[in-house]
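Worksheet for the structure shown next.
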Amino acid sequence: MIAVAQLKNLLADKIYEIEDKEFLNAIKKILDTVSQSERIYRVSDEQKTMILQGKEQIAGGKYIANEELKKEEDVWLNE
């Protein structure tokens with residue numbers, strides 16, 4: 002069985018040889034559909050920790066509304 006990296010390279014080589022624009026657009030459409038429907042987001046342990054900390058801060062009321070932040074930002078920029 003062929004390794005994933007080898008298969009990717011093989012496909013890239015084959016696609017590179019194709020000159021038919023309609024065929025290439027069809028391949029692109031297939032790849033776009035697959036990548037959108039099977040998109041998996043992977044986060045590191047550090048990112049997971051940061052997400053959990055953020056959720057805890059929100060639950061504890063430690064956040065600022067976007068409108069208030071914009072006001073503070075305007076004050077800071079005009080100093």
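Read in order, the letters of the sequence shown are residues 2 to 80 in the numbering used here. Ideal Cβ positions, reconstructed from N, Cα and C, are used throughout, including at glycine. The model shown is predicted, which means the values in this text are computed figures rather than measured ones.
Put residue i into one of helix, strand or coil per three-state DSSP.
| i | result |
| --- | --- |
| Glu-47 | helix |
| Gly-61 | coil |
| Tyr-17 | helix |
| Ala-6 | helix |
| Asn-79 | coil |
| Ile-41 | coil |
| Ala-66 | coil |
In chain order, what residues of the same chain have a beta carbon less than 8 Å from the beta carbon of residue i, not counting five sequence neighbours either side?
| i | result |
| --- | --- |
| Val-35 | none |
For residue i, would you say it is in contact with chain C, using Cβ-to-Cβ distances shorter than 7 Å as the test?
| i | result |
| --- | --- |
| Met-51 | Although the question refers to chain C, the structure presented lacks it and comprises just one protein chain. |
Excluding five sequence neighbours on each side, which residues of the same chain lie with their C-beta closer than 7 Å to the C-beta of residue i?
| i | result |
| --- | --- |
| Glu-80 | none |
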